[in-house]
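Novice: Sharing a structure below in structure tokens format, with a few things to ask.
Chains as they are written, first to last, in my numbering: chain A, 4 to 149; chain B, 2 to 152.
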């Protein structure tokens, strides 16, 4: 009998970024990215929700130890991104526009190999309370169960 | 479930929240007044009442490497504004929205109507509409057929 459970941990970090594609003209950058193209950048308080799926271990009752997840998030996300300028200080984002979608994907790729108990199910990154990106493994996505 | 051949091994969705305030009255003209009151309770009050609705939409698509985006937010905001916010905000759903001349404006039906209006958004695939009628009640719709929650 399967008793899959989802567990979610939330963290917050603050970072700055700007959107600029060097292959666009300055006018095109302003047209496509609007005020996000401001050359000195701007910042957000990002909220990250990380959801892990798994069956509770019969010994511990846990999908994974939240403290382990906290350590992974601290190492992989907080130390890399908190109080950083995402364009210049996060090598995994080099050459990419640091949109919510791209940051969520980078975070997924950082976390997925580190989570050994349970399986990474969803990464949701809020740039503001009204704008977020979700990342799923293909075939397990959306609100639909997979 | 659609084959998510969008972003390699990952499926990425963009979520965006909007707000509008509108009034409605739950009333089925095919029922007697007594039946309507028993069914809908205070939501059947003849003069209607209102909510601050929160609309959350989810879109999927390929991240454009040139912009880092599934859909340009400015385009999305203009589309949602003209299709939903302008026609619904500070309106009576029963009186001002044609779809609710013949359907009871429950939030279930509102999800279906808003999904229908937003589905043609050209630059990404509408996955889902979620509406909070109040902070305690929310409703979701993902279309019918294999793309919906049944699929």
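Every residue, glycine too, gets a C-beta built ideally from N, C-alpha and C.
Exposed or buried, what is residue 5(B) when buried is set at 16 or more other beta-carbons lying within 10 Å of its beta-carbon?
Specialist: The residue given as residue 5(B) occupies position 4 in the second chain. Confidence in residue 5(B) is poor, its pLDDT being 39 and thus under 50, which makes the residue's placement unreliable; the coordinate value appears in the next sentence. The residue in question, residue 5(B), is buried, as its Cβ has 16 or more Cβ neighbours within 10 Å.
Novice: Is residue 144(B) close to chain A, meaning its C-beta is less than 7 angstroms from at least one C-beta of that chain?
Specialist: For the purposes of this step, residue 144(B) is taken as the residue at position 143 of the second chain. The beta carbon of residue 144(B) sits no closer than 7 angstroms to any beta carbon of chain A.
Novice: With a threshold of 6 angstroms on Cβ separation, who are the neighbours of residue 45(A) within its own chain once the five nearest residues in sequence on each side are excluded?
Specialist: Looking up residue 45(A) in the first chain gives position 42. Counting only Cβ-Cβ distances below 6 angstroms, and skipping sequence neighbours, we find nothing.
Novice: When you check each C-beta in the segment 32-62 of chain A against every C-beta of chain B, which residues fall closer than 8 angstroms?
Specialist: 35, 36 and 37
Novice: At a Cβ threshold of 7 angstroms, is residue 105(A) touching chain B?
Specialist: Taking the first chain and counting its residues from 1, the one referred to as residue 105(A) is at position 102. Output row for residue 105(A): interface = yes.
Novice: Buried or exposed: where does residue 25(B) fall if 16 or more other Cβ atoms within 10 Å of its Cβ makes it buried?
Specialist: Sequence index remark: in the second chain, residue 25(B) carries index 24 (1-based). With 16 or more other Cβ atoms within 10 Å, it is buried.
Novice: By the 7 angstroms beta-carbon criterion, what residues does the segment 72-93 of chain A contribute toward chain B?
Specialist: none
Novice: Cα separation between residue 112(A) and residue 51(A)?
Specialist: Mapped onto the first chain, residue 112(A) falls at position 109. Mapped onto the first chain, residue 51(A) falls at position 48. One C-alpha to the other measures close to 14 angstroms.
Novice: Please list, in chain order, the chain A residues whose beta carbon lies closer than 8 angstroms to that of residue 11(B).
Specialist: In the second chain, the residue the question calls residue 11(B) occupies position 10. At a C-beta separation below 8 angstroms, residue 11(B) has these neighbours in chain A: 108, 111, 138, 139, 140 and 141.
Novice: For residue 9(A), which residues in chain B fall below 7 angstroms Cβ to Cβ?
Specialist: Taking the first residue of the first chain as position 1, residue 9(A) is located at position 6. Those within 7 angstroms of residue 9(A) in chain B number zero; the least Cβ separation is about 16 angstroms.
Novice: Going by C-alpha distance, which of 88(A), 65(A) and 92(A) is nearest residue 6(A)?
Specialist: One-based indexing of the first chain puts residue 6(A) at position 3. Comparing Cα-Cα distances from residue 6(A) to each of 88(A), 65(A) and 92(A), the minimum goes to 65(A).
Novice: Mapping DSSP to helix, strand and coil, what is residue 65(A)?
Specialist: Counting from 1 along the first chain, the entry for residue 65(A) is found at position 62. Three-state result, residue 65(A): coil.
Novice: Note down the Cα distance separating residue 47(B) from residue 107(B), rounded to an integer number of angstroms.
Specialist: Position 46 of the second chain, counted from the first residue, corresponds to residue 47(B). Position 106 of the second chain, counted from the first residue, corresponds to residue 107(B). Rounded to whole angstroms, residue 47(B) to residue 107(B) spans 15 angstroms at the Cα level.
Novice: According to DSSP, residue 57(A) sits in a beta bridge with which residue or residues?
Specialist: In the first chain, residue 57(A) corresponds to position 54, counting from 1. The partner list for residue 57(A) (beta bridge, DSSP) reads 8(A).
Novice: Applying the criterion that 16 or more other CB atoms from any shown protein chain within 10 Å of the CB defines a buried residue, is residue 102(A) buried or exposed?
Specialist: The sequence position of residue 102(A) within the first chain is 99, counting from 1. Residue 102(A) should be labelled buried.
Novice: Count the CB pairs spanning the segment 110-125 of chain A and the segment 32-44 of chain A that are closer than 8 angstroms, and state whether there are at least three.
Specialist: The segment 110-125 of chain A is not in contact with the segment 32-44 of chain A.
Novice: To be precise: take each residue of the segment 45-74 of chain B, compare its Cβ to all Cβ atoms of chain A, and keep it if any distance is under 8 angstroms. Which residues remain?
Specialist: 59, 61, 64, 66, 67, 68, 69, 70, 71, 73 and 74
Novice: Take residue 3(B) and list the residues in its own chain whose beta-carbon comes closer than 7 angstroms to its own, dropping the five residues that flank it on each side.
Specialist: To locate residue 3(B), count along the second chain from 1; it is residue 2. Residue confidence for residue 3(B) is low, a pLDDT of 40 falling below 50, so the modelled location carries little weight and cannot support an answer.
Novice: Which word fits residue 120(B), buried or exposed, when buried means at least 16 other C-beta atoms lie within 10 angstroms of its C-beta?
Specialist: For this step, residue 120(B) is matched to residue 119 along the second chain. By the neighbour-count definition (other C-beta atoms within 10 Å, threshold 16), residue 120(B) is an exposed residue.
Novice: Taking the beta strand (DSSP E) that residue 137(A) falls in, what are its first and last residues?
Specialist: The residue you call residue 137(A) lines up with position 134 of the first chain. Here the beta strand (DSSP E) through residue 137(A) covers 134-140.
Novice: Any beta-carbon of chain A closer than 7 angstroms to the one on residue 35(B)?
Specialist: Against the second chain, residue 35(B) aligns to sequence position 34. Closer than 7 angstroms: no.
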